[in-house]
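Peer 1: Under mature numbering (1 follows the signal peptide of the UniProt record, and there is no 0), the letters of the sequence shown match residues -17 to -1, 1 to 205, in that order. Take this structure first; my questions come after.
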Amino acid sequence: MLCFLLTLNVTLRVLHLISPAIVRKLQLKMGEKSTMTYNPRFRYEDWGPTFLTAAFIKEAVTNICRSIRQKAFVGGVAPDSPVITMETERTSILSFMKGRPLVLSFGSCSPPFMFTLDQFKRLVADFRDVADFLVIYIAEAHSSGWAFSNNYDINQHQSLEERLSAARILVQSDPLCPVVVDEMSNAAAIHYGSHPERLYVLQAGKVQGGIGPWGYSPQEVR
């Protein structure tokens, strides 16, 4: 995966020197999967060029290193990772299970996550009689390090208070279900391999399905 990302980054840089128009076309096509191409809040100039930077490679390497410690796999036991409520109480993911499916939505104020929030809210509204839902707010995907223009101005969290403050932006959008935050150790995000965003379905304490991180699609959970 790392070799692929490095090759992609170098290839895009070389092509950009030859023909910026070709790179733009390729990135817009790639952006369809992450919804960036369709997001009316952002122009290509806000996000496209960032994939040619060293910051993108650094973020990708960090995510690959985190994935080595992933514990959640389809059919396996769901990790009971620690999380913090918006009231700063310590709890864990499985404490939200009530004998029926639990849908976990990992994310932050990243453009793709916020763009698909309305889809997630419709999912909650349609199925909350038969399933429970939980949003886990994790480390920012596009903070001051690998930042998009015209995005929420949020630095990478340096304390639990900063993470809770960032999560309140999401709470203001009323996701129709409880919101908790990952600990500063990023245990939940690491155990579930959920950076930058991911959806999971848990049932009877086991992982029944996982979508993401590059294909976060509330529609597919249906």
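Just so it is clear, CB atoms sit at the ideal spot from N, CA and C, and this is done for glycine as well. All figures in this text were calculated on a predicted structure; none of them were measured in a lab.
(1) Would residue -2 and residue 6 qualify as a contact pair, given that the criterion is a beta-carbon distance under 7 Å?
(2) Please check the pair residue 18 and residue 89, which I expect to be a contact at CB under 8 Å, by giving their CB distance rounded to whole angstroms.
(3) Look at the alpha carbon of residue 163 and the alpha carbon of residue -11, and state the distance between them as a whole number of angstroms.
(4) Tell me which residue opens and which closes the alpha helix (DSSP H) that residue 90 is part of.
(5) Residues bridged to residue 186 by DSSP?
(6) Could you name the residues of the same chain whose beta carbon sits closer than 6 Å to that of residue -5, not counting the 5 residues immediately before and after it, in chain order?
(7) Runs of 3 residues minimum, wholly inside the region 6 to 88: which ones carry the beta strand (DSSP E) assignment?
(8) Report buried or exposed for residue 118, applying the criterion of at least 16 other Cβ atoms within 10 angstroms of its Cβ.
(9) Using DSSP with H/G/I as helix, E/B as strand and the rest coil, what is residue 112?
(10) Would you check if the distance between the CB atom of residue 93 and the CB atom of residue 29 is smaller than 7 Å?
(11) Would you call residue 142 buried or exposed, if buried means 16 or more other Cβ atoms sit within 10 Å of its Cβ?
(12) Where do the N-terminal and C-terminal ends of the alpha helix (DSSP H) with residue 148 fall, by residue?
(13) Determine the direct distance from the alpha carbon of residue 74 to that of residue 147, and round the result to whole angstroms.
(14) Residue range of the alpha helix (DSSP H) that residue 98 falls in?
(15) Compare the beta carbon distance of residue 63 and residue 77 with 7 Å and say whether it is the shorter of the two.
(16) In angstroms, rounded to a whole number, what distance separates the CA positions of residue 246 and residue 151?
(17) Tell me the rounded alpha-carbon separation between residue 224 and residue 82.
(18) For residue 66, does the count of other Cβ atoms within 10 angstroms reach 16, so buried, or fall short, so exposed?
(19) Taking the alpha-carbon of residue 70 as reference, which of -13, 53, 144 and 189 has the nearest alpha-carbon?
(20) Shortest alpha-carbon distance to residue 178 belongs to which of 45, 58 and -14?
Peer 2: This is what the structure holds:
(1) yes
(2) About 16 Å; that fails the 8 Å criterion.
(3) 37 Å
(4) Element bounds for residue 90: not the alpha helix (DSSP H) but the beta strand (DSSP E), 85 to 90.
(5) 189
(6) 35
(7) 65 to 68 and 73 to 75
(8) buried
(9) coil
(10) no
(11) exposed
(12) 143 to 154
(13) 15 Å
(14) 94 to 98
(15) yes
(16) Coverage of the chain is limited to positions -17 through 205, which leaves residue 246 absent and any answer about it impossible.
(17) Outside the shown range of the chain, which is -17 to 205, sits residue 224, and nothing can be said about it.
(18) buried
(19) 144
(20) 45
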